[in-house]
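This report concerns only the one structure given below.
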């Protein structure tokens, strides 16, 4: 299978690329900075520049692939949420997704279109729901993160050509080595500053990197996979349990 990854240099994209190559697939990385990607990517692949505004180039670079995995989007917690930052959080997700859909539509006529699009979304779609049990049929929440996710998913579904099988993964907090949430909090914890946030009862919908990568591979290769899936562990963790487990201590009894 020939797979194009948009966002291949990110935390998840790097691990996905490694897994795809190990499984015998051919990978193309679509990235913002080609020179840096050629130096940094830990797997063999073709590398092309990704600019959602350059649709002719995107269409050409997707031609002949079997599938596209779209992981593009700036980190939610990387910078303070100024008005400019909020706009960037929307645009860095919706613009690449819309451009990919338009490219797939153009490629349909040539017979060179990928047949599968696996598009990232986030568990933030549901918002803060307290102790409510959530599944894929639950309504969206209210607030900034749900609004971003709704626009993100709409960009994937709106005008998608009918020959493309679409899988949307609402991804939880990804736990793995070398980045993500653990990369930010473990140095703090190891410095002795670990502690619960407030009551510690807030729920954390998480997924291990290995499981997320396998879920993406399953989405690519299982022709019956279609629609929306929550990419999280079967059971969420409370903030208190996560904090104490990260510090290798049992959670406090209540």
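Numbering (my numbering), first residue to last: 41 to 294.
We put the CB at the ideal spot given by N, CA and C, even for glycine.
For clarity, every value in this text was computed on a predicted model and none was experimentally measured.
- In summary, residue 57 is buried, with 16 or more beta-carbon neighbours lying within 10 Å of its beta-carbon over all protein chains present.
- As far as DSSP is concerned, residue 52 takes part in no beta bridge.
- Contact annotation: residue 63 and residue 185 have beta-carbon atoms that are not nearer than 8 Å.
- Around the beta-carbon of residue 161, 16 or more other beta-carbon atoms lie within 10 Å, marking it buried.
- Rounded to whole angstroms, residue 86 and residue 102 show a C-alpha spacing of 12 Å.
- Its chain contains 54, 58 as the residues whose beta carbon lies nearer than 7 Å to that of residue 82, once the 5 sequence neighbours on both sides are disregarded; these appear in chain order.
- Residue 262: not part of any alpha helix (DSSP H); DSSP gives it neither H nor E.
- Excluding the 5 residues flanking it on each side, residue 148 has same chain C-beta neighbours closer than 7 Å at 201, 203, in chain order.
- Contact check for residue 176 and residue 268: beta-carbon distance about 5 Å, within the 8 Å limit, so the pair qualifies.
- Between residue 48 and residue 77, the CB-CB gap stays under 8 Å.
- Per the coordinates, the alpha-carbon of residue 210 lies some 26 Å from the alpha-carbon of residue 95.
- DSSP lists 210 as the beta-bridge partner residues of residue 161.
- By alpha-carbon distance to residue 108, the top candidate from 276, 194, 249, 41 is 41.
- The three-state secondary structure of residue 147, taken from DSSP, is helix.
- Taking C-beta atoms as the reference points, residue 150 and residue 205 fail to come closer than 8 Å.
- About 5 Å separates the beta carbons of residue 167 and residue 183, which is inside the 8 Å limit, making them a contact pair.
- Between residue 67 and residue 45, the beta carbon gap of about 6 Å places them in contact (Cβ cut-off 8 Å).
- In this structure the region 105–120 touches the region 131–149; the number of beta carbon pairs closer than 8 Å is three or more.
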